[in-house]
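*Asks:*
Residue numbers (the numbering used here): 190 to 334.
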């Protein structure tokens with residue numbers, strides 16, 4: 190499964206963020222350009238039940254425990270147009286590092302242990318599938334209906 194997860198993310202690497210969305214609480218969604226896939230749908234990652242930290246080359250920009258929603262949306266807006274350069278994982282794929290152009294980074298950290306019923310993050314593919322990670326070591330690749 191490790192190779193499958195990395196291979197799936199490798200298909201997103203090199204794409205630019207087209208849209209960013211601040212969801213309820215600390216939920217984040219990033220939609221990526223879809224220049225090379227025939228399906229016409231975009232790649233999207235939904236960081237759902239994970240703590241996260243946004244950084245650039247100067248330090249930490251924001252954490253999931255933000256206090257001002259306006260700052261959150263302003264910083265999130267800076268990610269639009271950035272290219273995803275690399276993705277790496279630590280600990281059952283719940284903890285993830287997304288490295289972008291211009292030195293921007295997002296790190297995710299799972300909130301929950303192996304007994305939880307919550308997903309850490311989901312990656313939606315142009316062919317209507319979803320790669321779902323968490324809880325614990327659980328990984329699914331399903332048709333997203």
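Glycine is no exception: its CB is placed at the ideal position from the N, C-alpha and C atoms.
Which residues in the same chain have their Cβ closer than 6 Å to the Cβ of residue 262, if we skip the five residues on either side of it in sequence?
*Replies:* 211, listed in sequence order.
*Asks:* Residue 254: buried (16+ other C-beta within 10 angstroms of its C-beta) or exposed?
*Replies:* By the neighbour-count rule (16 or more Cβ atoms within 10 Å), residue 254 is not buried but exposed.
*Asks:* Decide yes or no for the touch test of the stretch 194–213 against the stretch 270–279: beta carbon pairs closer than 8 Å, at least 3 of them.
*Replies:* Verdict: yes, contact present.
*Asks:* Please classify residue 202: does DSSP put it in a helix, a strand, or coil?
*Replies:* DSSP places residue 202 in coil when its eight states are reduced to three.
*Asks:* So, is residue 266 buried or exposed, given that buried needs 16 or more other C-beta atoms within 10 angstroms?
*Replies:* With fewer than 16 Cβ atoms within 10 Å of its Cβ, residue 266 is classed as exposed.
*Asks:* Hey, residue 219 and residue 268 are a contact pair by Cβ (cut 8 Å); roughly how many whole angstroms apart?
*Replies:* Confirmed, Cβ separation roughly 7 Å.
*Asks:* Using 10 angstroms around the beta-carbon of residue 331, count the other beta-carbons present and answer buried if the total reaches 16, otherwise exposed.
*Replies:* Exposed, by the Cβ-count rule.
*Asks:* Counting only the same chain and skipping the five closest in sequence on each side, list residues whose C-beta sits under 7 Å from that of residue 329.
*Replies:* Hits under 7 Å: 321.
*Asks:* Contact defined as beta carbons within less than 8 Å: I believe residue 208 pairs with residue 271. What is the distance between those atoms, to the nearest angstrom?
*Replies:* The pair is not a contact, with the Cβ atoms about 12 Å apart (cut-off 8 Å).
*Asks:* Let's test the definition: count the other Cβ atoms within 10 Å of the Cβ of residue 296 and tell me whether it reaches 16, buried, or not, exposed.
*Replies:* It is buried - the Cβ of residue 296 has at least 16 other Cβ atoms within 10 Å.
*Asks:* Secondary structure at residue 320, three-state DSSP: helix, strand or coil?
*Replies:* Three-state result, residue 320: strand.
*Asks:* Please say whether residue 294 and residue 244 have beta carbons closer to each other than 8 Å?
*Replies:* Going by C-beta atoms, residue 244 is nearer than 8 Å to residue 294.
*Asks:* So residue 240 packs on residue 313, CB below 8 Å; how close in whole Å?
*Replies:* Not really, about 21 Å apart at Cβ, beyond 8 Å.
*Asks:* Counting C-beta neighbours from all protein chains within 10 Å, is the total for residue 259 16 or more, i.e. buried, or is it exposed?
*Replies:* With fewer than 16 other Cβ atoms within 10 Å, it is exposed.
*Asks:* Do residue 235 and residue 287 have their C-beta atoms closer together than 8 Å?
*Replies:* No, they are not a contact pair.
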